[in-house]
Ligand code: C2E
Ligand code: MG
Ligand code: MG
Ligand code: MG
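Residue numbers (UniProt numbering): 700 to 968.
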């Protein structure tokens, strides 16, 4: 206790640290306005199959900050998790994504597309998470089979039974689940087997060096073989070169995402 207090006290005598604390407080205050001021927006990045056809998109959050311009989630999601603002923000993301899906469902060339939405740990752990998602589905009239929720390993491992129950309830309504950033967390095959997942997303950190680092090549092959044996789809993240795409495809990867196929952006659809 005394030690912690001492650390906090010291903090304010360090000008650099004090500046950082103030900057965070300012960002936090700005974020409180962001939803109601309609400063949030979604960028969409295509997910393509081995033939290069677009099968869907991933919705990636952006914040059009009044003074700082468009911010990527890396600069504010962590703070939003801490403050709890991720809850209204996550709700907004889900609703905006479902509205986009409904718009697509009216177009001949877009009605088959899926849309992946990232779900934060704090959001998923809410007691009424399932009801919140179902409410947005009902309110927007979206086809739940087009919706994919992306979860991370660390989020799932802490309360496995609770996670399985929530996933199963939503899956019964047609919602699909992907495990994001796969390979970076604690991958216990034992729990992986029990989760009602549809896809594994291979983390970009393995994809980026897959042609140059033999360890990454082995990891990627192992993930692809594992997914195949479990009947799961595989999505490779961060594919930037044709060489990476070819390696992934030749080893059984089914879906691809990365700058090679398209950067996250606003949609023409
Ligand atoms: P993620 O879900 O793993 O998303 C993939 C990230 O990789 C995105 O960064 C995307 O822009 C980037 N990326 C895609 N292809 C490439 C590539 O070829 N090369 C490189 N260098 N990067 C690529 P972004 O948009 O900055 O998002 C970062 C993370 O923020 C996401 O990682 C996700 O964890 C989180 N995030 C994004 N949107 C949301 C959201 O709506 N809610 C929550 N809770 N988290 C979100
Ligand atoms: Mg994701
Ligand atoms: Mg990812
Ligand atoms: Mg990632």
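Glycine included, every Cβ here is placed at the ideal spot set by N, Cα and C. All values derive from a computational prediction rather than experimental measurement.
Nearest in C-alpha terms to residue 824, of all of 860, 936 and 716, is 860. With a threshold of 7 Å, the Cβ atom of residue 902 counts as near ligand 3, since some heavy atom of the ligand is closer than that. Taking the Cα positions, residue 909 is about 24 Å away from residue 755.
Judged by their CB atoms, residue 922 and residue 876 are not nearer to each other than the 8 Å cut-off.
Secondary structure note for residue 732: its alpha helix (DSSP H) is the uninterrupted segment 714 to 733.
In the DSSP assignment, residue 898 forms a beta bridge with 877 and 932.
Taking C-alpha positions only, residue 918 is separated from residue 943 by approximately 14 Å. Looking at 748, 848, 900 and 821, the one whose alpha-carbon comes closest to that of residue 782 is 821. A buried status is given to residue 847, since no fewer than 16 other beta-carbon atoms sit within 10 Å of its beta-carbon.
Under the three-pair Cβ rule at 8 Å, the region 829 to 848 counts as touching the region 788 to 804.
Taken through DSSP and simplified to helix, strand or coil, residue 799 comes out as helix. Shown here, residue 958 sits in coil according to DSSP, grouped into three states, outside any helix or strand.
Judged by beta-carbon spacing, residue 801 lies beyond the 8 Å limit of residue 843, meaning their Cβ atoms are not closer than that value. Going down the chain, each residue whose beta-carbon is closer than 6 Å to a heavy atom of ligand 2 shows up: 757, 817, 849 and 879. Around the beta carbon of residue 730, a 10 Å sphere encloses 16 or more other beta carbons of the protein chains shown; the residue is thus reported as buried. About 6 Å separates the beta carbons of residue 961 and residue 744, which is inside the 8 Å limit, making them a contact pair.
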